[in-house]
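Numbering-wise, my numbering comes out as the position in the sequence shown, counting from 1, plus 1146.
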Amino acid sequence: MDIAALLPQFGGLIWTILAFVVALSVIVAIHEYGHYIVGRWSGIDADVFSLGFGPVIFSRVDKRGTKWQFALLPLGGFVKFKGDSNASGGKDDEVMSELSSAEKRRTMNGAPLWARAATVAAGPIFNFALSILIFTGVFMFQGTITDPVKVGELRAVPSQNELQAGDVLLAIDGRDVPPFSEPERFRALLEDLPEQEHLTYTVLRDDEELTVQGPYAYPPVATRIVPRSAADDAGFKRGDIITTVNGAPIYAFDQLREAVEGSGGATLDLTVWRDGGLRDLQLTPRRTDEPQADGGFQTQYRIGIAGGMFFEPATEFQGPWPAFVSGIEQTGRIIEGSLSGLYHIITGAISTCNLSGPIGIAETSGSMASQGTQSFILFIAMLSTAVGLLNLFPIPVLDGGHLVFHAYEAVTGKPPSDRALRVLMGVGLTMLLSLMVFALTNDLFCP
1147 MDIAALLPQF GGLIWTILAF VVALSVIVAI HEYGHYIVGR WSGIDADVFS LGFGPVIFSR
1207 VDKRGTKWQF ALLPLGGFVK FKGDSNASGG KDDEVMSELS SAEKRRTMNG APLWARAATV
1267 AAGPIFNFAL SILIFTGVFM FQGTITDPVK VGELRAVPSQ NELQAGDVLL AIDGRDVPPF
1327 SEPERFRALL EDLPEQEHLT YTVLRDDEEL TVQGPYAYPP VATRIVPRSA ADDAGFKRGD
1387 IITTVNGAPI YAFDQLREAV EGSGGATLDL TVWRDGGLRD LQLTPRRTDE PQADGGFQTQ
1447 YRIGIAGGMF FEPATEFQGP WPAFVSGIEQ TGRIIEGSLS GLYHIITGAI STCNLSGPIG
1507 IAETSGSMAS QGTQSFILFI AMLSTAVGLL NLFPIPVLDG GHLVFHAYEA VTGKPPSDRA
1567 LRVLMGVGLT MLLSLMVFAL TNDLFCP
């Protein structure tokens, strides 16, 4: 066996595991801290705050008596409140029987209903808040594209390019460039351009109007690689430009899309320009269920490459409030898309392979981390939204299930009986484990 040949694969595995642990630890820490801090504000004491499960590798006790610890298995975490029987909650009858009325008020089970409900809901809410803050920061950092469109950073391209950073686009191939803030008109301009290697650009440079040559405005360049996609598995990198498909030259991203969608799933031979050289790659398009504007899904063949212009458009600073609103909207779109996808999986409209398990999430973590810090941070934001949403499902053992119990108590004036809680928690645990096994099966056997 050639050990040297295994080193890159081993390194990739370590990178994937590390990225997954970092992403999960951040999300779990925020989720559990939400429970902890809102519980503390509500007058509920915490005995233990743990990141990870199993043997404790580090711990300290703060002045409030809470034990903060890191455990060996970094696959989750928990807050054990005063009076809880274990990390999952539940009443410790022996401990509760020895407490005074004032002391019981500082336990989860002895606190008022509003305090318990707020503490439970805080975990998912903090997950959503993390997502919103990350998206807000990214939108502020990226800014908004200027109008009129100005050339920012130029991508490396294999063809002639006379444009320069700072050029203001006035016209392409004799067609006026509309404001980027009018996406339909801008998209119509790109679709109307002839698909050829070079186009004529009219630009404003240093207050002088010039006519220069440049590549097709929207070339077949990989600006983003979808994790676990055909392109990702084939070794595509950001910045790769596809120059031929099955021997035929292409100059526009739409030509690549047409070739992929018309492949019927057959393997494609691609020539890729990367770092000034050409290389041959093969990949097989995969059937993908894509969300549509009407809430439905459409099945298409895809390879997992997102395109873009041959330059990064210049941007201007976006204020905190507009960025914050955009962050809320982005988080809402993720929630809406997740619920729509789950609904269509349940109804059989799309494949159950759209549901990923821990292996799929780990592979996605590594892939996003390899594409850069910003991509990885955005992945954490998306995963945090998904974790918050999952925890709100009305399944016993999840936060949503506990909120259902609290709602029952609010309506009837008394909580469910201990026997009913034990039965429901057992049912909920079975449902959750079944879902995990199902998702893990998808990771192992879905294409």
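Don't be surprised by glycine CBs; every beta carbon is placed ideally from N, CA and C.
Quantities reported herein were computed from a predicted structural model and do not represent experimental measurements.
| task | Apply the 10 Å Cβ neighbour rule to lysine 1228 and answer buried if 16 or more other Cβ atoms are within range, or exposed otherwise. | result | When all chains shown are included, lysine 1228 counts as buried.
| query | According to DSSP, is serine 1486 helix, strand or coil? | reply | Three-state result, serine 1486: helix.
| Contact set for alanine 1169: own chain, Cβ-Cβ below 7 angstroms, skip 5 residues either direction | For alanine 1169, where only same-chain residues beyond five positions count, the Cβ hits under 7 angstroms are Ser1511, Phe1525, Ile1526, Leu1529.
| Under 8 angstroms between the Cβ atoms of alanine 1460 and valine 1297? | Closer than 8 angstroms, so yes.
| Given 8 angstroms as the limit, is there contact between the region 1266-1286 and the region 1166-1184, that is, 3 or more CB pairs closer than that? | Yes, the region 1266-1286 touches the region 1166-1184.
| request: Check threonine 1253 in the structure and name its three-state DSSP category. | output: In this structure, threonine 1253 counts as coil in the three-state DSSP scheme.
| query | Out of Leu1402, Gln1520, Phe1166, which has the shortest C-alpha to C-alpha gap to isoleucine 1280? | reply | It is Gln1520 whose Cα lies nearest to the Cα of isoleucine 1280.
| query | Taking the runs of the beta strand (DSSP E) that are 3 residues or longer, which of them lie wholly in the region 1358-1432? | reply | DSSP runs (the beta strand (DSSP E)) wholly in the region 1358-1432: 1387-1391, 1414-1420, 1423-1429.
| said: Rounded to whole angstroms, what is the Cα-Cα separation between proline 1361 and glutamine 1446? | reply: Using only the alpha carbons, I get a separation of about 28 angstroms.
| At what residues does the beta strand (DSSP E) containing glycine 1236 begin and finish? | Secondary structure note for glycine 1236: its beta strand (DSSP E) is the uninterrupted segment 1235-1237.
| query | Near glutamine 1288, which residues of its chain fall below 8 angstroms by C-beta distance, leaving aside the five closest residues on each side in sequence? | reply | Taking C-beta separations shorter than 8 angstroms and ignoring five residues to either side along the sequence, the partners of glutamine 1288 in its chain run Thr1461, Gln1464, following chain order.
| task | Determine the extent of the alpha helix (DSSP H) in which serine 1513 is found, giving its start and end residues. | result | Its alpha helix (DSSP H) spans residues 1504-1516.
| task | In angstroms with no decimal places, state the Cα-to-Cα distance between aspartate 1322 and leucine 1316. | result | In this model, aspartate 1322 and leucine 1316 are separated by some 6 angstroms (Cα to Cα).
| task | Have a look at Leu1567, Leu1535, Ile1507 and flag the residue whose alpha-carbon is nearest the alpha-carbon of isoleucine 1163. | result | Selected option, being the one with the closest Cα: Ile1507.
| request: Compute the distance between the beta-carbons of leucine 1581 and proline 1504, then report whether it is under 8 angstroms. | output: Proline 1504 sits away from leucine 1581, with the two beta carbons spaced by 8 angstroms or more.
| task | Compare the Cα-Cα distances from lysine 1226 to each of Pro1220, Thr1212, Asp1239 and report the closest residue. | result | Comparing Cα-Cα distances from lysine 1226 to each of Pro1220, Thr1212, Asp1239, the minimum goes to Thr1212.
| request: Indicate whether lysine 1237 and serine 1246 have their beta-carbon atoms separated by less than 8 angstroms. | output: No, the Cβ-Cβ distance between lysine 1237 and serine 1246 is not below 8 angstroms.
| Three-state secondary structure assigned by DSSP to glycine 1559 | Glycine 1559 falls in the coil class under three-state DSSP.
| query | What runs of the alpha helix (DSSP H), each 4 residues or longer, lie entirely inside the region 1253-1279? | reply | With a minimum length of 4 residues, there is no unbroken run of alpha helix (DSSP H) contained wholly in the region 1253-1279.
| said: For tyrosine 1347 and phenylalanine 1456, what's the separation of their Cα atoms in angstroms? | reply: Between tyrosine 1347 and phenylalanine 1456, the C-alpha separation is close to 13 angstroms.
| Would DSSP call leucine 1544 helix, strand or coil? | Leucine 1544: coil per DSSP, three-state reduction.
| request: Name the residue from Arg1384, Ser1188, Gly1223, Lys1560 whose alpha carbon lies nearest to the alpha carbon of phenylalanine 1199. | output: If we check each option's Cα against that of phenylalanine 1199, Gly1223 comes out closest.
| message | Going by the DSSP bridge assignment, what does aspartate 1435 pair with across the sheet? | response | As a beta-bridge residue in DSSP terms, aspartate 1435 pairs with Thr1445.
| Coil, strand or helix - valine 1569 by DSSP | In the structure shown, valine 1569 falls within a helical segment according to DSSP collapsed to helix, strand and coil.
| field | Cβ neighbour criterion (16 or more within 10 Å) applied to glutamine 1476 | value | The Cβ neighbour count for glutamine 1476, taken over all protein chains shown within 10 Å, is at least 16; the residue is labelled buried.
| request: Give a yes or no on contact between the region 1407-1414 and the region 1423-1435, applying the rule of three or more CB pairs nearer than 8 angstroms. | output: Touching, per the Cβ criterion.
| said: Given this structure, state the Cα-to-Cα distance separating leucine 1130 from aspartate 1440, to the nearest angstrom. | reply: Residue 1130 cannot be examined here, being either before or after the span of the chain that is shown, 1147 to 1593.
| request: Sort out for me which residues DSSP pairs aspartate 1230 with in a bridge. | output: Its beta-bridge partners are Lys1237.
| task | Assuming threonine 1369 and glycine 1422 form a contact by the criterion Cβ under 8 angstroms, report the distance between their Cβ atoms to the nearest whole angstrom. | result | Contact doesn't hold; Cβ gap of about 19 angstroms is too wide.
| query | When you compare only the Cα positions, how much space is there between phenylalanine 1204 and proline 1466? | reply | Distance between the alpha carbons of phenylalanine 1204 and proline 1466: 38 angstroms.
| Beta bridge counterpart(s) of proline 1459 as assigned by DSSP | Answer is Val1297, bridged to proline 1459.
| task | Evaluate the contact criterion for the region 1251-1264 versus the region 1537-1554: three or more CB pairs, one atom per stretch, below 8 angstroms. | result | The way I'd put it, the region 1251-1264 does touch the region 1537-1554; three or more beta-carbon pairs between them come closer than 8 angstroms.
| Nearest to alanine 1621 by CA position, among Ala1233, Leu1416, Ser1188, Glu1328, is which residue? | Absent from the structure is residue 1621, since the part of the chain shown begins at 1147 and ends at 1593.
| Distance, Cα to Cα, methionine 1571 vs isoleucine 1474? | In this structure, the CA atom of methionine 1571 is about 33 angstroms from the CA atom of isoleucine 1474.
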